[in-house]
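Q: Structure below; questions to follow.
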Amino acid sequence: MKTVSNIKVLRNYLAEERLQNKHIGFVPTMGALHEGHLSLVKRCLEENDVCVVSIFVNPTQFNDKNDLEAYPRTPEADADLLEAAGCHYLFVPSVEEMYPEPDTRVFDFGNIGRVMEGAHRPGHFNGVAQIVSKLFDAVEARRAYFGEKDFQQIAVVREMARQLGYATEIVACPILREADGLAMSSRNRRLDSKQRRKAPLIAKILKESLRLVPQMSVQEVKDFVIDTLNNEPLLCVEYFEIVDGQTLMPVNHWDQTASPTGCIAVFCGQVRLIDNIMYT
Ligand code: AMP
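Take the sequence shown: its letter number 66 is residue 67 in this note's numbering, and every next letter is one higher.
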């Protein structure tokens, strides 16, 4: 595995690979890697000749300075995991390398960017689009891999790729979970032992809500999820929405869409966790 921190150097290596007709797959991450990230790397290696993984904690997508500072960073362990997984290029740019000058671009993704995470984390998706477009320009991958844990992010990245005309195919990969159901996340490392024991309730209640669909309205299912989780003193629901899986427009009746999807953000102490479930 080659570790590269400079865009030009990376582009030169990848141009060489392309000359040999190699297909390049790309997995963008913010590091503190876990099995969820590695499942994307594995899929990338299966479907491409060359796998590029980036690790960059992107400041422009953090609306909360404390969250950026507290974001876990484990660079040595990450490099070891990627090497063992068979990754070919690890791209670890500095903030100066990605933002030699402030990025003033403003994106508009319509409803997809405005609801849920867009509403509660102002500027978040604009920052995501800034960094993902810069990374897509650097890597020029045939395919890029994203996890469905960040369900709305995939919709935003697809819309960004459409608006900017990227040829890179966006591949959505299933959520990897801990044995107790908690969606794997770099942020789980920030949970203390008491919080860690309570956090799996989020996935448990989402799963339970799936069974209620035949007998409950959309609003009743929403109330069940929100009220049950808020009843647990360590958890505080920021939002739970049931939306169309493509447009992310709110769903009022189950038969309104073929892909009703429940998306949730919950504070577990200071740690903000997200998860989602498809009601199909
Ligand atoms: P992050 O490092 O949190 O920015 O995540 C990098 C990529 O890994 C994103 O596409 C995430 O959706 C994906 N990812 C994070 N957690 C999981 C998980 N538990 N299962 C599958 N993919 C994940």
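We put the CB at the ideal spot given by N, CA and C, even for glycine.
All figures in this text were calculated on a predicted structure; none of them were measured in a lab.
(1) Is it true that the stretch 148-168 meets the stretch 226-242, where meeting means three or more beta-carbon pairs spaced less than 8 angstroms apart?
(2) Regarding I46 and the ligand AMP, is the C-beta to nearest heavy atom distance less than 7 angstroms?
(3) Starting from L137, follow the alpha helix (DSSP H) in both directions and report where the run begins and ends.
(4) Take every Cβ of the stretch 213-226, pair it with every Cβ of the stretch 189-198, and state whether three or more of those distances are shorter than 8 angstroms.
(5) Is T30 near the ligand AMP, going by C-beta to nearest heavy atom under 7 angstroms?
(6) Following a CB-centred definition, is H38 positioned closer than 7 angstroms to any heavy atom of the ligand AMP?
(7) Kindly indicate which three-state DSSP category E17 falls into: helix, strand or coil?
(8) Answer yes or no: do I56 and A139 have a C-beta to C-beta separation smaller than 8 angstroms?
(9) So A145 and I171 are supposed to be a Cβ contact under 8 angstroms. How far apart are they, rounded?
(10) Kindly examine the ligand AMP and report whether one of its heavy atoms sits closer than 7 angstroms to the Cβ of G128.
(11) Taking 7 angstroms as the cut-off, is the beta-carbon of S186 closer than that to any non-hydrogen atom of the ligand AMP?
(12) Does DSSP classify N253 as helix, strand or coil?
(13) Where DSSP assigns a beta bridge to M279, which residues make up the other side?
(14) Once the 5 residues before and after V121 are set aside, which same chain residues still bring their CB inside 8 angstroms of it?
(15) Give the range of the alpha helix (DSSP H) segment to which V158 is assigned.
(16) If you compare alpha carbons, which of H254, F108 and G37 is closest to D79?
(17) For H110, which three-state DSSP category applies?
A: Inspection of the coordinates gives the following:
(1) no
(2) The sequence as given places Leu at residue 46; Ile does not occur at that position. No; taking the cut-off as 7 angstroms, the Cβ of L46 has no heavy atom of the ligand AMP nearer than that.
(3) Reading off the sequence, residue 137 comes out as Phe, not Leu. Segment H125 to V140, the alpha helix (DSSP H) holding F137.
(4) no
(5) yes
(6) yes
(7) helix
(8) no
(9) 6 angstroms
(10) no
(11) yes
(12) coil
(13) T262
(14) What sits at residue 121 in the sequence shown is His, not Val. Correct list, in chain order: E239, Y240 and A266.
(15) F152 to L165
(16) G37
(17) The residue asked about is misnamed: residue 110 is Phe in this sequence, not His. The answer is coil: DSSP assigns F110 none of H, G, I, E or B.
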